[in-house]
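Quick notes on the structure that follows.
Protein chains: 2
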Amino acid sequence: MGHMTSEHRPALPATPPLTERQEARRRRILHASAQLAGRGGFDAVQMREVAELSNVALGTLYRYFPSKIHLLVATMQDQLQHMHTTLRKRPPTESDPGARVAQTLMRAFRAMQREPHLADAMVRALTFADRSVSPEVDTVSRLTTAIILDAMGLDSAATPEQLSAVRVIEHTWHSALITWLSGRASIAQVKIDIETVCRLIELTGPQRPE
Amino acid sequence: MGHMTSEHRPALPATPPLTERQEARRRRILHASAQLAGRGGFDAVQMREVAELSNVALGTLYRYFPSKIHLLVATMQDQLQHMHTTLRKRPPTESDPGARVAQTLMRAFRAMQREPHLADAMVRALTFADRSVSPEVDTVSRLTTAIILDAMGLDSAATPEQLSAVRVIEHTWHSALITWLSGRASIAQVKIDIETVCRLIELTGPQRPE
DNA sequence: ATCGGTTCTGTAACTTGTTCTAGATTAGCG
DNA sequence: CGCTAATCTAGAACAAGTTACAGAACCGAT
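Same order as they appear, the protein sequences are chains A and B.
Numbering-wise (the numbering used here), the first sequence opens with residue 11 and increments by one.
Numbering-wise (the numbering used here), the second sequence opens with residue 11 and increments by one.
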């Protein structure tokens with residue numbers, strides 16, 4: 011009896027609909043994860059502590075998130091959603107697409123500077139994830155791409171070259187974050203790297219001026 | 011007791027000279043690490059196995075490499091040295107600096123395709139490393155920079171802009187590798203990303219004012 | 001309200017990175 | 001050579017991620 015509930019299954023193996031209590035549990039878990047991560051970074055997110063803090067048994071935690079990496083990547087999804095809606099409220103002011111992307115990424119970067127431990131936990135999990143987490147990491151990647159494309163302010167679809175540039179920007183964004191988080195690059199350095207890579211956008215097949 | 015010779019300096023610099031047997035032990039450890047990594051990637055490098063395979067006690071292994079991450083980053087240093095000398099023997103044939111860098115990185119990439127498990131172990135360790143491994147990761151970064159600068163064929167010193175471009179290329183290189191290793195990007199995709207980012211070099215010519 | 005299957009809980013066990021300890025071995029030096 | 005300090009070995013012990021399992025609680029359908 012497949013009713014017509016809003017159920018699209020393009021990718022994931024049909025997430026069974028969660029009851030209210032289950033949704034609440036999921037929330038509590040993600041909240042506890044972000045809280046612990048914000049306090050002490052990747053290492054401070056200990057599965058036993060997450061379970062206790064969210065009033066859930068350890069086994070249940072693992073039923074919701076099959077590994078610590080899954081949990082932290084899901085936490086990043088959550089935070090990115092917030093970031094995306096926040097950024098949409100105040101679109102970048104620059105006129106150049108490249109400059110707009112750089113401005114947006116620097117805003118995101120400043121948000122991370124406010125919670126460096128949380129950023130550490132999420133980014134480390136993201137880059138450490140192996141194939142078993144690919145779908146979730148891909149979701150994060152798509153979110154990041156959406157944020158960048160938003161910043162570019164494209165009316166029409168992006169060209170393949172532009173998409174390549176966006177992917178390179180994402181690469182630089184993640185890797186620059188890592189070097190900053192591990193203390194091997196300064197904030198100024200990250201800024202320069204972001205601005206440098208955003209110049210790629212100017213190079214690519216620009217939207218034809220009308 | 012307190013002799014003038016540097017004894018247990020908590021800091022980085024002066025590695026006390028190793029005896030021959032110690033040098034041999036270090037070699038055996040690195041060899042065992044690469045061997046296990048080549049077989050099954052990051053997870054297959056288990057400290058107890060490394061110790062046994064290199065005929066060294068577990069405590070000794072930890073004296074030489076204070077963590078699994080340190081060990082794998084050192085393994086990467088080792089492999090990169092090889093790669094550097096190998097690449098030097100056959101410099102890139104392209105004429106454009108950007109194309110030369112892309113060609114060189116694609117060669118390195120093909121080498122990794124021959125040992126994907128080893129690449130996995132090394133790259134995952136590199137990006138997962140925290141502050142305690144910063145000096146070692148920095149060494150790897152300097153090696154990579156040297157390879158890229160070599161490929162550019164610079165006679166004189168690079169300009170700051172060029173150095174920024176090189177850093178962005180490094181970011182892209184690492185991150186693209188990760189997406190490939192975790193199965194989220196194809197080999198062709200990585201190639202495109204490398205070629206895309208290498209276009210930055212053309213932008214930053216030292217003898218080009220505009 | 002009751003039944004049957006699923007989910008959740010509490011807890012123990014297992015895995016692997018890391019630390020610690022006591023004794024054997026080695027290196028450097030007079 | 002013989003001494004002393006450093007290093008190495010073997011093994012236990014600890015920490016945190018992960019798995020396993022028995023019983024309680026919950027959900028949906030009858």
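In this text, a Cβ means the ideal position worked out from N, Cα and C, and glycines have one as well.
(message) Taking the straight line between their C-alpha atoms, what separation do you get for residue 2(A) and residue 95(B)?
(response) Missing from the structure shown is residue 2(A); chain A here goes from 11 to 220 and no further.
(request) Assign residue 32(B) to one of three DSSP states: helix, strand, or coil. (result) helix
(message) Taking 8 Å as the threshold (beta carbon to beta carbon), is residue 210(A) in contact with chain B?
(response) yes
(request) Check the Cβ-Cβ distances between residue 185(B) and every residue of chain A, and say whether any is below 8 Å. (result) yes
(request) Could you tell me whether the Cβ atoms of residue 105(B) and residue 139(A) are closer together than 8 Å? (result) Not in contact: residue 105(B) and residue 139(A) (Cβ atoms no closer than 8 Å).
(request) State yes or no: is the C-beta of residue 61(A) within less than 8 Å of the C-beta of residue 75(A)? (result) No, the Cβ-Cβ distance between residue 61(A) and residue 75(A) is not below 8 Å.
(request) Pick helix, strand or coil for residue 66(B), following the three-state DSSP scheme. (result) Residue state, collapsed to three classes: coil.
(message) Across the stretch 108-123 of chain B and the stretch 148-163 of chain B, are there enough close Cβ pairs to call them in contact, namely three or more that are closer than 8 Å?
(response) yes
(request) Would you verify that the beta carbon of residue 118(B) is, or is not, closer than 8 Å to some beta carbon of chain A? (result) no
(message) Can you confirm whether the stretch 36-51 of chain B touches the stretch 124-137 of chain A when touching is taken to mean that 3 or more C-beta pairs between the two stretches lie within less than 8 Å?
(response) Short answer: they don't touch.
(request) With DSSP collapsed to three states, give me the class of residue 86(B). (result) helix
(request) Please confirm if residue 77(A) has its CB atom under 8 Å from at least one CB of chain B. (result) no
(request) Could you tell me if residue 146(A) is buried or exposed, where buried requires 16 or more neighbouring beta carbons within 10 angstroms of its beta carbon? (result) buried
(message) With a threshold of 8 Å between beta-carbons, can residue 1(A) be considered close to chain B, or not?
(response) Given that chain A is displayed from residue 11 to residue 220, the structure contains no residue 1(A) and the question cannot be resolved.
(message) Looking at residue 135(B): is its Cβ nearer than 8 Å to the Cβ of residue 179(B)?
(response) no
(message) Here's a check: name, in chain order, each residue in its chain whose Cβ is nearer than 6 Å to the Cβ of residue 219(B), leaving out the five neighbours to either side.
(response) Note on residue 219(B): pLDDT 41, under 50, position unreliable in the model; no value is reported.
(message) If the cut-off is 7 Å on Cβ atoms, which residues from the stretch 165-192 of chain A count as contacting chain B, listed in chain order?
(response) Sequence-ordered contacts of the stretch 165-192 of chain A with chain B read 174, 175, 177, 178, 181, 182, 184, 185, 186, 188, 192 [C-beta pairs closer than 7 Å].
(request) Can you give me, in chain order, the residues of the stretch 125-144 of chain A that have a beta carbon less than 7 Å from any beta carbon in chain B? (result) Within the stretch 125-144 of chain A, the residues whose Cβ lies closer than 7 Å to some Cβ of chain B are 134, 137, 138, 139, 140, 141, 144, listed in chain order.
(request) Please confirm whether residue 38(A) and residue 55(A) have their CB atoms less than 8 Å apart. (result) no
(request) Identify the continuous alpha helix (DSSP H) that holds residue 168(B) and give its terminal residues. (result) First-last for residue 168(B): undefined, no H or E at that position.
(request) Anything in chain A within Cβ reach of residue 35(B), meaning under 7 Å, just list it in chain order. (result) In chain order: nothing, as chain A lies at least about 29 Å away.
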